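Quick notes on the structure that follows.
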Amino acid sequence: MDIASVIGLILAMGLILGSIAMGNAPFAAFIDVPSGLVVIGGAFAAALIAFPLKSMLKSPKIALKVILNKGEDRLGLIKQIVDLAETARRDGLLALESKVGEIDNPLVKTGIQMAVDGSTPEVVEEVLRTETEAIAVRHKEGKGIMDQLGRFAPAYGMIGTLMGLIMMLQDMSDPSGIGAGMAVALITTMYGAIVANVFFCPFAEKLGLISRNEMVSLEIAIRGVMAIQSGESPRAIDQKLKTFLPPSQRGEE
Amino acid sequence: MDIASVIGLILAMGLILGSIAMGNAPFAAFIDVPSGLVVIGGAFAAALIAFPLKSMLKSPKIALKVILNKGEDRLGLIKQIVDLAETARRDGLLALESKVGEIDNPLVKTGIQMAVDGSTPEVVEEVLRTETEAIAVRHKEGKGIMDQLGRFAPAYGMIGTLMGLIMMLQDMSDPSGIGAGMAVALITTMYGAIVANVFFCPFAEKLGLISRNEMVSLEIAIRGVMAIQSGESPRAIDQKLKTFLPPSQRGEE
Amino acid sequence: MDIASVIGLILAMGLILGSIAMGNAPFAAFIDVPSGLVVIGGAFAAALIAFPLKSMLKSPKIALKVILNKGEDRLGLIKQIVDLAETARRDGLLALESKVGEIDNPLVKTGIQMAVDGSTPEVVEEVLRTETEAIAVRHKEGKGIMDQLGRFAPAYGMIGTLMGLIMMLQDMSDPSGIGAGMAVALITTMYGAIVANVFFCPFAEKLGLISRNEMVSLEIAIRGVMAIQSGESPRAIDQKLKTFLPPSQRGEE
Amino acid sequence: MDIASVIGLILAMGLILGSIAMGNAPFAAFIDVPSGLVVIGGAFAAALIAFPLKSMLKSPKIALKVILNKGEDRLGLIKQIVDLAETARRDGLLALESKVGEIDNPLVKTGIQMAVDGSTPEVVEEVLRTETEAIAVRHKEGKGIMDQLGRFAPAYGMIGTLMGLIMMLQDMSDPSGIGAGMAVALITTMYGAIVANVFFCPFAEKLGLISRNEMVSLEIAIRGVMAIQSGESPRAIDQKLKTFLPPSQRGEE
Amino acid sequence: MDIASVIGLILAMGLILGSIAMGNAPFAAFIDVPSGLVVIGGAFAAALIAFPLKSMLKSPKIALKVILNKGEDRLGLIKQIVDLAETARRDGLLALESKVGEIDNPLVKTGIQMAVDGSTPEVVEEVLRTETEAIAVRHKEGKGIMDQLGRFAPAYGMIGTLMGLIMMLQDMSDPSGIGAGMAVALITTMYGAIVANVFFCPFAEKLGLISRNEMVSLEIAIRGVMAIQSGESPRAIDQKLKTFLPPSQRGEE
């Protein structure tokens, strides 16, 4: 679980709810179901137009990734690659066949399997790079959904507020109702700003970061497989791959 | 038919119409024909200035693509390429001549025809890549029209609202008319926001996505043709091209 | 003449003037000479600061290009290149010397002249590419002027409106004048929005499109010259260059 | 200490506080603790959702970097590289082993150590480039946090203002309270604009500049190490690396 | 002196001052010293935080460059390079030694000096390219300062207006003062818009253009030096370098 994201979500919602509680208006003044429907429903409807149904159905899972992601265990990945390199050095590339089942990282698994099967380094690299690109495309779509939700939510908030203002302006016979009418109209803009800035925009940012981190791990995996196949020494591989770690993590041999 | 886009469109319009129905203002309060003309007519006029007539006339067809696109059948494309590779392996490249007529994908068709006619791999690749670029340019123009409509609609909405406000401010002798005048002025901004956020902007996003997907299929087609021409084994081609599929789809042999 | 741009301009202006005519305020209410001077004069002044005098003096001619451009005759260009290739094939490269005078396209002319004069293919390509880049830079500056005018017009519109509001707020002794004062203040913002969205922004878009189209023709010209110089067969050149055409145009042999 | 940043901070805060002091409203009118909590707390909460806890905890240190950075001593770095090159020229590459301990720049240190240990130039360059990329990624994240804070602060300012307006509009029974209610509502927007434009946005800009400067020093270090390893003459190295300095600094031999 | 920039500046200021003179409010209504301090002082303070003191101190000189730049004399530069090429052709590369002192362009000077001193073409090009990159970085920083001033000026304008509104709303006991209070509050936003759109934004645009032009001249210089060193004929060099000129300037032999 990504503790920072959880704390951030609780803090953002707590600040907003706390501010309302500290004010002298009742909570009910901030609740308007049709406004909520226009903002959230509208943003999802616009995203549904723009993205495939399959991707949209996966979007709650993608959003959960922000909260549940555990970070990349790059040190473990490098350790496993170096282990494989040692086996390959000692017993030959074919000796890795028996170890393929134990490999966690799917890219390393595919690469080692192909190397054992006798694919040339060029073909192995091409396959792994295409795979990486495909993963990048999937990530980009996930982030894109959040980006669009964060862009459409305030837009539908503004549409709702305009509708509310037009309704209010139609009937100004009772001046005492103007304030309340305008308050309701503004709620939609507020909802749009809240869902965009508490959920969609920070979530999109985080998904971008998670993706960039995963891309680095995939790069480590590709370079590791290529180095094993070209018979580099485990020590050289370890040194080369550890440059991807922050200095503080490198000491842990 | 792209069910997600249809649901999204119905949902977005339903939410907006439903909100109006739930309010206490009559529907008529939200209808103003001159405002609609300024927003939609203005956005199309600006797009007509910016794009060729031929492209503008195709824009309804392009917009329909958002609703009617069926998605790429990449698995079928790969299967067909692997079939061709098997024939080429068994009976030689020239044996593909009789099969050219059955090929659906125009890029594969062109490529195989050229290979059979004896063009060198470099020439075949150059022709296919130029073709792909030209398709990308056409897609970009289609998306560009939607992008510009989505940008000009709110701009003309604002122009209409400013005109309405100036009219209203000219004649403030009857204070009871101010509210109604302002309501009418705001309708143009609301129309601009609605057509941009229900139609043009999500449509532009979707066209970008459809284009990116088609580009991947074109890349599969090019790599497939190149692999057939260089005589790679059908199994290797299958493995290489399937890296373009999401893992879940790869199992289906 | 680019009929779409002309129709678009007439339509956009017609919609705006028609809306005013349909309203109940007199035309005079929308005319304010100082506002017009601040918006249009201000935008041109800012562009004068940002661009060389020479480029600014050419800007009306550039703007006219949007209306007068006839589109690229790529089919004719390809035909001429294939004709040259046939002559070169039949009678040798030097036989093209007598035909140089008939070549319309300046890039093809320069390239063929250089090839006849004995320049190496590398030098010919370098010269043609540098020329193309220089044309791209000139186009970019033309589009840049329109972009900046489209950005400064609304900015000076806002400056004018702020000046008008400050004037109005200085003297609120006569409440009946407030409405008219505010109307005049808003006219500047409206002018800025109109000139940006009817003229400058769509013009900038169109200039970008015209430039991209011309770049494709220049690419056809360069590839054609290179192919002629390297002695490719007219048929291969025809096929290669026609990939730059939309499929519908290719059939016309 | 970066004197410019400190002066800038004091000047910006002084101008804002001075303007308030010169006005006729008491200081207390500009202080509202819940508004401050919503803006600053909200911006940090949104950043917490978007960035890892570890990076967020480092953000105060990163912000201090803006004030404490001393600038790059490129002249000293070049001098040290040229010294190493002279030793290598005179006594051989292995003679650098004893000098590794004295090298300040970690990249030069790593590179020389690897060269002495017998790594090939290709491997040395790959390791140093990967290291540089990793540093660039860390810098980008630091700047990214400031960028997001500078984007979320005004957003939460707007959310706070909308909440304040809704509260105020709920209760318009006492007209004399409307002004004060609206003033409080606007404070949140003002806080958001101030923290974004006095702190987060200029800090993000400065971090980008510091990073670009450091990248140039890293490039000098890499090129220096590569030149030493390939045995270039100290004079040539000095001349080559000094092109990275502004002309005014080059004279100092 | 760049006459266009001077005319533009006078025109922009004249239009703004003329509009005020034509209105019925006294000039004094548009002057508010604290507002000016907040906008201009605030923008410079934010830039001071973001840029090194040394760069900020050079910013007035950079701003003057917009007015004083004379444009590039590319024709003269090409003529000088062709002259040098003729000497080198006739009397050998070493004969250029005596001419180095007469060369105006610092890049050509450095390059010819290095060529005469016996540096290889690769080294000469590397040094000249690094130098060019360093100049590009310095230009970018100059433009960056103007960009940031043009971004911060309106931001501090808004901060000033919010402060003014809060002050005004605190004390609404005297309704007749509301208009004047609001007018003063709006002056800050107007100042921000004026300094950004009359000075900083057009200046940043112009600096970008001047830099791009200078980059082309540097490219001419580098290609000229490389061509001289590789012994190309003066006529070929002339033809190659003149492709960087607009066609109208090429005729002047």
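Chains as they are written, first to last, in full-length UniProt numbering: chain V, 1 to 253; chain L, 1 to 253; chain G, 1 to 253; chain Z, 1 to 253; chain S, 1 to 253. Think of the CB as a built atom: it goes at the ideal place given N, C-alpha and C, for glycine as much as any other residue. Predicted model, so just to flag it, every value in this text is computed and none were measured.
Next on the checklist: Here's the rule: buried if 16 or more other CB atoms are within 10 angstroms of the residue's CB, otherwise exposed. What is G42(G)?
Outcome noted: buried
Item to check | Residues that T130(G) contacts on chain S, provided the C-beta gap is smaller than 8 Å | outcome: K240, T243 and F244
Item to check | Per-residue burial, D117(V) [other beta carbons within 10 Å of its own, 16 or more giving buried] | outcome: exposed
Checklist entry - What's the gap between the Cα of E253(G) and the Cα of A85(G)? => result Because the pLDDT of E253(G) is 43, which lies under 50, any placement of that residue in the model is unreliable, and the number read from its coordinates should be weighed accordingly. Between E253(G) and A85(G), the C-alpha separation is close to 16 Å.
Checklist entry - Quick one: does E214(S) have its CB under 8 Å from some CB of chain G? => result no
Next on the checklist: So for N69(Z), helix, strand or coil by DSSP?
Outcome noted: coil
Next on the checklist: Taking contact to mean 3 or more Cβ pairs, one atom from each stretch, closer than 8 Å, check whether the region 216-226 of chain G and the region 26-34 of chain G are in contact.
Outcome noted: no
Checklist entry - Of the residues that make up the region 22-39 of chain L, which ones have a beta carbon closer than 9 Å to any beta carbon in chain V? => result M22, G23, N24, A25, P26, A29 and F30
Checklist entry - Just the Cα atoms here: how many angstroms apart are A95(Z) and A4(V)? => result 49 Å
Checklist entry - Does the beta carbon of P234(L) sit closer than 8 Å to a beta carbon anywhere in chain G? => result no
Item to check | Residues near F51(L) by beta carbon distance below 6 Å, same chain, minus five either side | outcome: I145
Checklist entry - Closest by CA to L64(L), which one among A204(L), I178(L), S173(L) and D174(L)? => result A204(L)
Item to check | 7 Å Cβ shell around L161(Z) - same chain, five flanking residues per side excluded | outcome: What sits at residue 161(Z) in the sequence shown is Thr, not Leu. These residues qualify, in order along the chain: A185, L186, T188 and T189.
Next on the checklist: Just to check my reading of the structure: residue 255(V) and G192(V) have Cβ atoms closer than 8 Å, yes? What is that Cβ distance to the nearest angstrom?
Outcome noted: Because chain V here runs from 1 to 253, residue 255(V) falls outside it and cannot be looked at.
Item to check | chain G residues whose Cβ lies nearer than 9 Å to that of G208(L) | outcome: Result: empty, since nearest Cβ-Cβ is about 17 Å, beyond 9 Å.
Checklist entry - Any chance the CB of A204(V) is under 7 Å from a heavy atom of the ligand ZN? => result In the structure on display, the ligand ZN does not appear, and there are no ligands present to speak of.
Item to check | CA nearest to the CA of P246(V), picked from L149(V), L75(V) and D2(V) | outcome: L75(V)
Item to check | Same chain only: Cβ atoms within 8 Å of V123(L), ignoring 5 sequence neighbours per side | outcome: M114
Next on the checklist: Going by C-alpha to C-alpha distance, which of R151(V), I10(V), V108(V) and Q249(V) sits closest to F44(Z)?
Outcome noted: I10(V)
Next on the checklist: For M138(V) and I81(G), what's the separation of their Cα atoms in angstroms?
Outcome noted: Here the sequence assigns Arg to residue 138(V), which means Met is not the residue at that position. Between R138(V) and I81(G), the C-alpha separation is close to 44 Å.
Item to check | L245(V) (DSSP reduced to helix, strand or coil) | outcome: coil
Next on the checklist: Measuring only the C-alpha atoms, how far is L68(S) from A196(Z)?
Outcome noted: 35 Å
Item to check | Reduced DSSP secondary structure (H/G/I, E/B, other) of S230(Z) | outcome: coil
Checklist entry - Which ranges would you report for the alpha helix (DSSP H) in the UniProt domain "MotA/TolQ/ExbB proton channel" (102-218) of chain Z if only whole runs of at least 4 residues count? => result 106-116, 121-170 and 176-194
Checklist entry - Since E131(G) contacts L107(G) with CB under 8 Å, what's their CB separation in whole angstroms? => result 6 Å
Next on the checklist: Just to confirm, is the Cβ distance from P202(S) to G36(S) under 8 Å?
Outcome noted: no
Checklist entry - When the Cα atoms are used, what is the spatial distance from V127(L) to G92(L)? => result 23 Å
Checklist entry - What does M158(V) reach in chain L if we use C-beta pairs closer than 8 Å? => result A193
Checklist entry - By Cβ distance below 6 Å, which residues in the same chain neighbour Q229(L) in space, the five residues on each side in sequence not counted? => result A115 and P121
Checklist entry - Does the beta-carbon of Q249(Z) have 16 or more other beta-carbons within 10 angstroms, so that it is buried, or is it exposed? => result exposed
Item to check | As assigned by DSSP and simplified to three states, the class of F30(S) | outcome: helix
Next on the checklist: Just to confirm, is the Cβ distance from A136(G) to M167(L) under 8 Å?
Outcome noted: no
Next on the checklist: Give me the chain B residues within the contact set of M182(S), using Cβ-Cβ distance strictly less than 7 Å, ordered along the chain.
Outcome noted: The structure shown contains no chain B; its protein chains are V, L, G, Z and S.
Checklist entry - Going straight from the alpha carbon of T110(L) to that of K240(G), what length do you get? => result 12 Å
Checklist entry - So is K70(L) buried or exposed if we call it buried at 16+ other beta carbons inside 10 Å? => result exposed
Item to check | Proximity to G150(V) [Cα-Cα], best of F199(V), E133(V) and S119(V) | outcome: F199(V)
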